[in-house]
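Protein chains in written order, with the working numbering: chain D, 23 to 137; chain W, 520 to 630.
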């Protein structure tokens, strides 16, 4: 498996609290992604990054923000968590996108429950 | 928005039977990838198809990319219990930076 870790692996929080999920890679890949996975919806892209301090929105970005201050770390923040954000969150990395054709490597996932 | 549709959502088969999942896009794709996710696990890359009409095989798995680069299929011959999981297609729209995933097909195998 590619060197991707996510922390925490499980979290239970209350509505209205801020939550930050961390993705850390040791592969020096340029692209990093955050997805959420929900039953019946598959994997949906929240935000992605194509370099340090370079990020862009995905399909379901409302309520989420991201930051990437170092190549190896990509943070996903829920400023004020809601129950609809209860989900499994996956981080993924790839060497390139767009004109490149590289596969994405996924982290182990974080299960977040918002009560 | 742009979508990648995948059918069926669930497929029950007896061990030893064949299995096929289909993926369709409303627009032309630059490439398509397939991933497998075991229960409780994370998606794992299986293969990428790039060329129109491309066919690739991995042991009992056969992957096809349509001539118009709008559809793809994954066929498993003689399923085994180790094939259990969810199979996702993921298409890259031309000019896009990311992948659009289908909702996946859950393969359930009865011994």
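Cβ atoms here follow ideal geometry from the backbone N, Cα and C, with glycine treated the same way. Here the structure is a predicted model, which is why all the values come from computation and not from measurement.
Cutoff 7 angstroms: residue i Cβ touching any chain W Cβ
i, result
"residue 70 of chain D", "yes"
"residue 17 of chain D", "Any property of residue 17 of chain D remains undetermined from this structure, which presents chain D solely from 23 to 137."
"residue 130 of chain D", "yes"
"residue 117 of chain D", "no"
"residue 67 of chain D", "yes"
"residue 101 of chain D", "no"
"residue 36 of chain D", "no"
Close Cβ partners of residue i (< 6 angstroms) along its chain, the five nearest in sequence each way excluded
i, result
"residue 10 of chain D", "Nothing can be reported for residue 10 of chain D: it is not among the residues displayed for chain D, which extend from 23 to 137."
N-terminal and C-terminal residue of the beta strand (DSSP E) that residue i is part of
i, result
"residue 27 of chain D", "26-29"
"residue 93 of chain D", "Premise fails: residue 93 of chain D is in no beta strand (DSSP E) and is neither H nor E."
"residue 605 of chain W", "604-612"
"residue 32 of chain D", "32-35"
"residue 555 of chain W", "548-556"
"residue 537 of chain W", "Counting along the chain, residue 537 of chain W falls outside any beta strand (DSSP E), and DSSP gives it neither H nor E."
"residue 126 of chain D", "It is not in any beta strand (DSSP E) - residue 126 of chain D carries neither H nor E in the DSSP assignment."
"residue 109 of chain D", "109-116"
"residue 44 of chain D", "41-47"
"residue 590 of chain W", "590-595"
"residue 135 of chain D", "132-136"
"residue 621 of chain W", "Neither: residue 621 of chain W is in no beta strand (DSSP E) and is coded neither H nor E."
Chain D contact for residue i (CB, 7 angstroms cutoff)
i, result
"residue 582 of chain W", "no"
"residue 559 of chain W", "no"
"residue 623 of chain W", "yes"
"residue 562 of chain W", "yes"
"residue 604 of chain W", "no"
"residue 610 of chain W", "no"
"residue 585 of chain W", "no"
"residue 631 of chain W", "Outside the displayed span of chain W (520 to 630) sits residue 631 of chain W, for which this structure offers no information."
"residue 535 of chain W", "no"
Beta-carbon spacing of residue i, residue j below 7 angstroms
i, j, result
"residue 96 of chain D", "residue 54 of chain D", "yes"
"residue 89 of chain D", "residue 58 of chain D", "no"
"residue 621 of chain W", "residue 525 of chain W", "yes"
"residue 534 of chain W", "residue 630 of chain W", "yes"
"residue 606 of chain W", "residue 555 of chain W", "yes"
"residue 133 of chain D", "residue 32 of chain D", "yes"
"residue 552 of chain W", "residue 615 of chain W", "no"
"residue 628 of chain W", "residue 581 of chain W", "no"
"residue 564 of chain W", "residue 626 of chain W", "no"
Residue i, buried or exposed, once every other Cβ within 10 Å from all chains shown has been counted against 16
i, result
"residue 116 of chain D", "buried"
"residue 137 of chain D", "exposed"
"residue 63 of chain D", "exposed"
"residue 550 of chain W", "buried"
"residue 76 of chain D", "exposed"
"residue 118 of chain D", "exposed"
"residue 74 of chain D", "exposed"
Any non-hydrogen atom of the ligand MN within 6 angstroms of residue i CB
i, result
"residue 95 of chain D", "The ligand MN is not part of the structure shown, which contains no ligands of any sort."
Contacting residues, own chain, Cβ-Cβ under 8 angstroms from residue i (five flanking each side not counted)
i, result
"residue 623 of chain W", "525, 528, 556, 605, 606 and 607"
"residue 25 of chain D", "47, 48 and 49"
"residue 94 of chain D", "46, 47, 48 and 50"
Contact set for residue i: own chain, Cβ-Cβ below 7 angstroms, skip 5 residues either direction
i, result
"residue 131 of chain D", "28, 110, 111 and 112"
"residue 121 of chain D", "With a pLDDT of 46 at residue 121 of chain D, under the threshold of 50, the modelled position of this residue cannot be trusted, and the question is left open."
"residue 634 of chain W", "No answer is possible for residue 634 of chain W: it lies beyond the span of chain W, which begins at 520 and ends at 630."
| query | In chain order, what residues of the segment 562-576 of chain W put their CB closer than 8 angstroms to some CB of chain A? | reply | You won't find chain A in this structure, because its protein chains are D and W.
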